[in-house]
Amino acid sequence: MRIRRTFGFQVSSFKLQVSSFKFQISSSEFQISSFKFQISKESIMERIERREYKRMFFSIEDGPVAVFDLPNYQEKTIRAIVMDLSPGGMGLSIKKDDNIIINVEDRLLLREFKGHTELWPVVGIETKIRWIQNYKGFKHMLFGCEFLDIPETAKDQIRNFINSWADKMTRR
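According to my numbering, the sequence shown is numbered sequentially starting from 1.
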């Protein structure tokens, strides 16, 4: 019987490298008594880097809050938790509200970011909803917006925020 000691496999788009393992075989069962693996920053970023822009993911507790004007509703705004952010757009989460209906291709105007002063200059940008995940039984709805005609200075501000946030998270 030949056993390979090092191999790679994919789980949820992340590459894991198994560096060593031991096992015992007794009749038709086997047990892994020692197993360790390492995930490199490069392998995690590999999936993200296929996109045009690098994204930063946030927890519900840490994520900024984006406030949008809804053009289809007079003076109505929505507050959404930013789940991921890039210079190209963002993924958001909002509590379901029967009074607000959004659809793919709707345009929203980004009024402000709350919670992170570094993002305050990134305002007044029109966005377009590209996808929506709205499952029955869930209290929140997820959707993704693309920035439309975003100035290069705003893209730079987002890039700087992403880089500083990544540095902050690696120091925790």
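All C-beta atoms in this analysis are idealised placements derived from N, C-alpha and C, irrespective of residue type, glycine included.
Of the residues the options, the one placed nearest residue i, counting alpha carbons only
i: residue 130; options: 114, 119, 147, 120; result: 147
i: residue 118; options: 74, 57, 160; result: 160
i: residue 114; options: 136, 74, 108, 79; result: 79
i: residue 156; options: 54, 87, 135; result: 87
i: residue 109; options: 165, 62, 75; result: 75
i: residue 111; options: 136, 141, 71; result: 71
i: residue 143; options: 59, 93, 69; result: 93
i: residue 107; options: 135, 136, 137, 149; result: 149
Enclosing beta strand (DSSP E) for residue i [first to last residue]
i: residue 78; result: 77–86
i: residue 93; result: 89–95
i: residue 127; result: 125–133
i: residue 144; result: 140–147
i: residue 113; result: 107–114
i: residue 67; result: 65–69
Sequence-distant residues of the same chain with beta carbon closer than 7 Å to residue i, five excluded per side
i: residue 105; result: 128, 129
Residue i versus residue j - alpha carbon distance
i: residue 125; j: residue 84; result: 17 Å
i: residue 91; j: residue 167; result: 21 Å
i: residue 64; j: residue 101; result: 22 Å
i: residue 121; j: residue 95; result: 26 Å
i: residue 154; j: residue 67; result: 16 Å
i: residue 151; j: residue 162; result: 17 Å
i: residue 139; j: residue 55; result: 25 Å
i: residue 97; j: residue 145; result: 18 Å
i: residue 158; j: residue 57; result: 13 Å
i: residue 99; j: residue 133; result: 18 Å
i: residue 165; j: residue 82; result: 14 Å
i: residue 69; j: residue 103; result: 15 Å
i: residue 137; j: residue 59; result: 21 Å
i: residue 170; j: residue 141; result: 29 Å
i: residue 62; j: residue 123; result: 20 Å
Same chain, Cβ closer than 6 Å to residue i, neighbours up to 5 away in sequence not counted
i: residue 116; result: 64
i: residue 52; result: 88
Same chain only: Cβ atoms within 8 Å of residue i, ignoring 5 sequence neighbours per side
i: residue 77; result: 67, 68, 69, 70, 111
Per DSSP, cross-strand counterpart(s) of residue i
i: residue 57; result: 84
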